[in-house]
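Working notes, beginning with the structure itself.
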């Protein structure tokens, strides 16, 4: 049985979607047990609406809430009865393998590190995101959990990302690239230039060299390695620019009767294209390198993203991603 | 008279468009004289096609070409008869105020620094780009000329960008923001956190705080300050992602008869929207902080971008941007 904690507090859409996602997840994956953590009465009220296997959904009460506006570190230290702390403690104590939350990213990162703790040999724990591209989705890490990291840390990010992409997303021998401002070996800042030879020498990954940000949307790499500052800049620009361009096009479509008519005709084709760029189908953002899997889903997630994230956790555990990471780093230490 | 050098070698479209742009530029701006640098016979052949004021267009012969594949520094040192070196030397010798080229960015950056030289008090010379947004265009700098810079250098970038945006683009009291991965004061890497107080204290700029990359496409700042690594990542992702999304939408439009018909109806509205995102109307990318203005235009530029860049140079000289930059830095030194 794979044990997964779902935090029902913290998303923009209340507890209803997490409860629904949990119920559907247990139907889809028969080897999954889910702990729903949050306001017990509220969760039980939502559960009444469904038929479900009572052996595989357990409610755990936790009443404190962590807001995105408070200091993540203080919140994690002080709010012992928050859904985040209670849920992560289940992972720490070995009662659960994974934790899914739509709550504050900062608190999830802090809680993951302080409560669950790093896996053996892991220097830093990167936040990874699957980016939609015109080819297959690419895993970008670190998306903002760590800045000013050393080259050896970027090497670990590359290795963890590669193992995750192969084991959880099923990409064989993923192409790993290092985000840079040019593709020639002499390009880049000091951090990136010092990282290049380490990635080149690693025998855990299939390193394909530097990637410029303009090539990322075309799926030219499966795993993109970056310092958290650069990765966060990429992911947020990806999100902001896509939204802005679609908004501008929509208002262009509404600008005349003729274009409104045209927009009606292209609607279904456009929807199919945009669906490929829909994040909910790709699950959440995993925080890698911890003793268990911690997945951050969007604040505005619906049950679809919860179910995808359950699938992520199942793949993660069944393919023993952490075992592979620890093994990889041990081999590295021995060399 | 404002003297502008135009490099006719290096663009993807040959010398024809630069000659046409120069002729039209002298018609549009009566106080402009242009030096066309490159293969003399070729330039004169193109010039024969036009009526123009012979006092205000001068041909300067230069026969060597610099390719984007050679080392910029070596090329600038060795190819004394390249259009780039001959053209920039006209600026260095005070015979011209500005230089426009569609050639290799690396060579233009190296040539600008080695041949033209930095203006008094300037520590580093940033490459700036106007980014299209859903509001007004925003100036992003540095777009890749300098990496791993000190906070005092980012302060100068902010000040030069603000002066340029106000004097050349006519934006009063431009909002200057520092690119970061969060908007709270404690967010960021060491470089950015150390830069924040310097920008806050500067009395040359209207500093509005941090900006996250997701807010850039909405025009939330007029001047965006970044280290060259981050700025280059932003500009190239901006370009790559916009192109990829439009390509995907176009293929969606062609996917069925119904959507093809719809696409015909929305074509003109869409064109108007996309025109706002057309770089050619915004002129080239200025390399700031040199003794004269150096403007890099796209390799695939047409005459429209040449004419816009001539307007940039005219505004730059008429508004004494360099005088203001030097004065600003002197005031700062005195404090």
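Chains as they are written, first to last, in my numbering: chain D, 456 to 790; chain G, 456 to 790.
Cβ atoms here follow ideal geometry from the backbone N, Cα and C, with glycine treated the same way.
Note that the structure is a prediction, hence the values are computed from the model and not measured.
Could one say the Cβ of residue 725 (chain G) lies closer than 9 angstroms to chain D's Cβ atoms, at least one of them? yes
Bridge partners for residue 671 (chain D) per DSSP, in chain order? DSSP lists no partner for residue 671 (chain D).
Hey, does residue 684 (chain G) have any beta-carbon neighbour from chain D nearer than 9 angstroms? yes
Could you check which residue in D:634, D:629, D:481 and D:538 has the C-alpha nearest to that of residue 463 (chain D)? If we check each option's Cα against that of residue 463 (chain D), D:538 comes out closest.
Please state whether the Cβ-Cβ distance between residue 615 (chain D) and residue 780 (chain D) is less than 9 angstroms. yes
Quick check on residue 588 (chain D) - is its C-beta less than 9 angstroms from some C-beta in chain G? yes
Using DSSP bridges, identify the partner residues of residue 556 (chain D). According to DSSP, which records beta bridges pairwise, residue 556 (chain D) is partnered with D:751.
Taking only beta-carbon positions, decide if residue 672 (chain D) is within less than 9 angstroms of chain G. yes
Which first and last residues belong to the alpha helix (DSSP H) in which residue 467 (chain G) is found? Premise fails: residue 467 (chain G) is in no alpha helix (DSSP H) and is neither H nor E.
With 16 other CB atoms within 10 Å as the buried threshold, where does residue 638 (chain G) fall? With fewer than 16 other Cβ atoms within 10 Å, it is exposed.
Quick check on the DSSP output: the beta strand (DSSP E) that includes residue 741 (chain D) runs from which residue to which? 740–742
Going by DSSP, what residue range makes up the alpha helix (DSSP H) through residue 496 (chain D)? Residue 496 (chain D) -> alpha helix (DSSP H) spans 495–502.
Among all the DSSP beta bridges, which residues are the ones paired with residue 630 (chain G)? G:661
Beta-carbon spacing of residue 492 (chain D), residue 515 (chain D) below 9 angstroms: Closer than 9 angstroms, so yes.
Quick one, which residues of the segment 516–534 of chain D are near chain G if we go by CB-CB under 8 angstroms, in chain order? In summary, no residue of the segment 516–534 of chain D has a CB separated from any CB of chain G by less than 8 angstroms.
Any idea what DSSP makes of residue 529 (chain G), helix, strand or coil? helix
Under 7 angstroms Cβ-Cβ, which residues of chain D neighbour residue 405 (chain G)? What the structure shows of chain G is the stretch from 456 to 790, and residue 405 (chain G) is not part of that stretch, so it cannot be assessed.
For residue 466 (chain D) and residue 532 (chain D), what's the separation of their Cα atoms in angstroms? Roughly 21 angstroms between the two C-alpha positions.
Under 9 angstroms between the Cβ atoms of residue 567 (chain D) and residue 761 (chain D)? Contact flag unset, no.
Does the ligand FAD have even one heavy atom less than 8 angstroms from the beta-carbon of residue 521 (chain D)? Looking at this structure, you won't find the ligand FAD or any other ligand, since it has none at all.
Determine the extent of the beta strand (DSSP E) in which residue 513 (chain D) is found, giving its start and end residues. Per DSSP, residue 513 (chain D) belongs to the beta strand (DSSP E) from 512–516.
Could you check what DSSP says for residue 823 (chain D) in three-state terms: helix, strand or coil? Outside the displayed range of chain D (456 to 790) lies residue 823 (chain D), so it cannot be described from this structure.
Residue 582 (chain G) vs residue 597 (chain G) beta-carbon contact at 9 angstroms: Contact: yes.
CB of residue 630 (chain D) within 9 angstroms of CB of residue 678 (chain D), strictly: yes
For residue 535 (chain D), the nearest candidate out of D:562, D:550 and D:552 (CA to CA): D:562
Check the Cβ of residue 687 (chain D) against every Cβ in chain G and list those closer than 7 angstroms, keeping chain order. 636
Could you tell me if residue 672 (chain G) is buried or exposed, where buried requires 16 or more neighbouring beta carbons within 10 angstroms of its beta carbon? buried
Is the separation between the beta-carbon of residue 414 (chain G) and that of residue 716 (chain G) shorter than 9 angstroms? Because residue 414 (chain G) is not part of the residues shown, which for chain G are 456 to 790, the question remains open.
So that I know if they touch, is there some Cβ in chain D lying closer than 9 angstroms to that of residue 470 (chain G)? no
By the three-class DSSP mapping on this structure, what secondary structure does residue 488 (chain G) have? strand
Suppose contacts are defined by Cβ-Cβ distances below 9 angstroms. Is residue 711 (chain D) in contact with residue 691 (chain G) by that definition? no
Nearest by alpha-carbon distance to residue 632 (chain D): which of D:517, D:623 and D:675 is it? D:675
Is the shortest distance between the beta-carbon of residue 743 (chain G) and the beta-carbons of chain D less than 9 angstroms? Chain D contact via Cβ: absent.
What's the C-alpha gap between residue 529 (chain G) and residue 523 (chain G)? 12 angstroms
Can you name the start and end residues of the alpha helix (DSSP H) that residue 772 (chain D) belongs to? 758–773
Are the beta-carbon atoms belonging to residue 738 (chain G) and residue 564 (chain G) less than 9 angstroms from one another? no
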